[in-house]
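Residue 5 is where the sequence shown starts when you use the numbering used here, and the numbers rise one by one after that.
Beta carbons: idealized from backbone N, C-alpha and C, even for Gly.
Being a predicted model, the structure only gives us computed values, none of them experimental.
Report on the structure given below.
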Amino acid sequence: MSMAAREPHNDNRPNSFFAIISRMKYIDRWALMRNTHSENLSEHSLDTAIIAHALAVIRNKRFGGQVNPERAALLAVFHDVPEVLTGDMPTPVKYFSPAIRAAYAEVETAAEQELLTMLPEDLREEYLPLITHQGEDVVLLRIVKCADKLSALIKCMEEEKACNREFSAARAATEQAIRAMNLPEGIVFLETFIPPFALTLDEQEKN
5 MSMAAREPHN DNRPNSFFAI ISRMKYIDRW ALMRNTHSEN LSEHSLDTAI
55 IAHALAVIRN KRFGGQVNPE RAALLAVFHD VPEVLTGDMP TPVKYFSPAI
105 RAAYAEVETA AEQELLTMLP EDLREEYLPL ITHQGEDVVL LRIVKCADKL
155 SALIKCMEEE KACNREFSAA RAATEQAIRA MNLPEGIVFL ETFIPPFALT
205 LDEQEKN
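As structure tokens, this is what we get:
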């Protein structure tokens, strides 16, 4: 059926979906760590989206990839949206035991479904792969996961630069996890674009 032949959708009742996800800015990350500067979920999602876009571009330009950088950025924008309902569970807690990880996975799934049901029915299909990661974005989701870890590494480096040793172990573990993903574009970003984050502004401007 063509767009012109479709019946118009007239469900224009007030809907809370976007008002709810806008509250990502109130969800702080790294809850168990002493922070010199708190990082909220909105900030992290933007950083992850920028990095995911860059990783996709690097993959295409240097490694013969054929992925969509804009789609990678969009998936990254939405990758932590369910946490507006669940909150950000600290990694040591989330992975403390298989039982806790399984229980949290159930909570995540319930949050995803709750968010989807908030949307008008005719819009849900478009947002389902963004929120639940179901669909054909397997390669891009690996890129987003790498971008997520790179964003976390940057946070650790910024805290260390502020003389906060609280993040030293997290930095080492996160860098190891990035290298273990074996994504060549991730290694390029790690070795090319990450080191300047340890520099002062004056030092960065000279690079």
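- When secondary structure is reduced to three states using DSSP, N44 falls in the strand class.
- Residue environment for D84: buried (at least 16 other C-beta atoms within 10 angstroms of its C-beta).
- Counting along the chain, Q180 sits inside the alpha helix (DSSP H) bounded by residues 172-184.
- Per DSSP, the unbroken alpha helix (DSSP H) holding V97 starts and ends at 95-98.
- Shown here, D84 sits in coil according to DSSP, grouped into three states, outside any helix or strand.
- Counting along the chain, the unbroken alpha helix (DSSP H) around T113 starts and ends at 102-122.
- Contact annotation: C160 and L187 have beta-carbon atoms that are not nearer than 8 Å.
- D141 carries a coil assignment under DSSP once its states are collapsed to helix, strand and coil.
- Shortest Cα-Cα distance from L194 to any of T90, A166, S155, P102 involves S155.
- In the DSSP assignment, Q208 falls within the unbroken alpha helix (DSSP H) covering 205-210.
- When secondary structure is reduced to three states using DSSP, D32 falls in the strand class.
- Inter-residue distance for A60 and N168 is about 32 Å (C-alpha atoms, whole angstroms).
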